[in-house]
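Asks: Residue numbers (the UniProt record's numbering): 1 to 533.
Ideal Cβ positions, reconstructed from N, Cα and C, are used throughout, including at glycine.
Note that this is a predicted model, so its numbers are computed, not measured.
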């Protein structure tokens, strides 16, 4: 059964890249602009129900919510060629239509007032799902609506109401190399980064600096437009969901996709790389990141890598390519974890003709991402030292009476995140935070926060103690109690199980597993900090 995913498009940027994403999905599944399946789309084998549902008239409708405080972009979608694709009941526009004016505080204040209306729309869409797996959010971190209307109030409400569902975001980071028209961009970015750190399970970083560089260097565009950049983003988004829509032997759901990528809860920011590939160089070429590389990044390390390869490719050649990468040490991995490169093979859409037979996407957790956060902190500090534009925030309740503690707390959390990524590069990362655990911060409503390492070790030690006690008890029982006693309890005669053992041994194994489960429930390990279960 498909695991459904609801997409939330928030703000101008979120709705623009969301629109391009749905155009790409319609092409790949043979759905026309009105949501009707094309006559040639008869091959099947795909899971349209992950992102679409069928209405009573059998046309396909995206599981999407369009949210904005000003109507310009959404009105353009509703009057465009794909106007019949969306469910118009899933469109939210502010009554006054004035927008947030690129002010995080304004977006947050207005978002608090409409939180219940948005949650009602989400509940209605979730009720129409048979097996909801999670939510995907498209937004920008630098504006007013996309950065603040959804975070933190609605995000926390979403985590509380759907605590076992994943929240993955495609977050567009501002161009760090150019002067922005939004003068308060550093403030907005910092406040949003705090919420992404505390309230998201996975953040796919879409760096505008790198996207522009790729458009210029690879696509040979002298002055890339927003539409061309958004097309690049939609390519990454559709490729990252290929294994969900065209399932193979593994990574068929969002949990499986993210489990190997995020070994520690807070290091859930992922870089991406996408390229048409030749068979001989496929796995190495895919490691061309869409994150802007720096000299410092060359000394950074991979925490995890997942390569999604689309098209007709020989798994043996993929294995040989991976073997060469390991032997030549072409990839610098962390020392405290396994140096594994996960590969997922997926079919390409039969309805989209491309010039390349094989293409691929890399999703990677890489410690160089901390330099992007450091730039955000640096830009924030420059404005904060001058006390520039703070009056725009003091107008709203959160920052009233010159209360700027929200800025200070956000800065501390991002600094802690940068420190953690830096610590990941050292072999003793496991001990990181032991001496001063107070700097590992956990925010309000946080379901993905970091557990106190001392507490984690205490739990681990206690768990091992209880596991040892239970193991010893059952070993003694199994050795002392004669088989006839177990046979009298379980059956008239010991019935063999699949491997030839008696029911007594099978019963002992069942009781042992029960003891382990009970031990975990009494003393959960550090994995309890994840929102995956």
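Rounded to whole angstroms, what is the Cα-Cα separation between residue 128 and residue 7?
Replies: 14 Å
Asks: Does the structure place the region 64-76 close enough to the region 37-47 that three or more beta carbon pairs sit under 8 Å?
Replies: no
Asks: Kindly indicate the opening and closing residues of the alpha helix (DSSP H) around residue 21.
Replies: 11-29
Asks: Exposed or buried, residue 96, counting other C-beta atoms within 10 Å across all chains shown (16 or more means buried)?
Replies: Residue burial is scored here from C-beta neighbours: residue 96 has fewer than 16 other C-beta atoms within 10 angstroms and is therefore classed as exposed.
Asks: For residue 545, which option in 372, 427, 431, 2 has the closest C-alpha, if you only look at C-alpha atoms?
Replies: Nothing in the structure corresponds to residue 545, since the chain is present only between 1 and 533.
Asks: Classify residue 233 as helix, strand or coil using the three-state DSSP reduction.
Replies: helix
Asks: Check residue 67 in the structure and name its three-state DSSP category.
Replies: Reduced to three states, the DSSP call for residue 67 is strand.
Asks: My guess is that residue 35 and residue 60 are in contact by the Cβ rule of under 8 Å, so how many angstroms apart are they, rounded?
Replies: 5 Å
Asks: Report buried or exposed for residue 177, applying the criterion of at least 16 other Cβ atoms within 10 angstroms of its Cβ.
Replies: exposed
Asks: Taking the continuous alpha helix (DSSP H) assigned at residue 408, which residues delimit it?
Replies: 405-424
Asks: Let's see if you can read the secondary structure: which residues bound the alpha helix (DSSP H) around residue 261?
Replies: Taken as a continuous stretch (DSSP letters only), residue 261 belongs to no alpha helix (DSSP H), as it is neither H nor E.
Asks: Rounded to whole angstroms, what is the Cα-Cα separation between residue 271 and residue 188?
Replies: Computed Cα separation, rounded: 21 Å.
Asks: When burial is assigned at 16 or more other CB atoms within 10 Å of the CB, is residue 356 buried or exposed?
Replies: exposed
Asks: Between residue 5 and residue 63, what straight-line distance do the alpha-carbon atoms span, to the nearest angstrom?
Replies: 7 Å
Asks: State the beta-bridge partners of residue 311 as determined by DSSP.
Replies: 358
Asks: In angstroms with no decimal places, state the Cα-to-Cα distance between residue 245 and residue 348.
Replies: 10 Å
Asks: How big is the Cα-Cα spacing for residue 215 and residue 230?
Replies: 11 Å
Asks: Quick check: what's the CA-CA separation for residue 118 versus residue 319?
Replies: 47 Å
Asks: Under the rule that 16 or more other beta-carbon atoms within 10 Å means buried, what is residue 111, buried or exposed?
Replies: buried
Asks: Is the distance from the Cβ of residue 115 to the Cβ of residue 154 below 8 Å?
Replies: yes
Asks: Using DSSP with H/G/I as helix, E/B as strand and the rest coil, what is residue 246?
Replies: coil
Asks: Using three-state DSSP, classify residue 207 as helix, strand or coil.
Replies: strand
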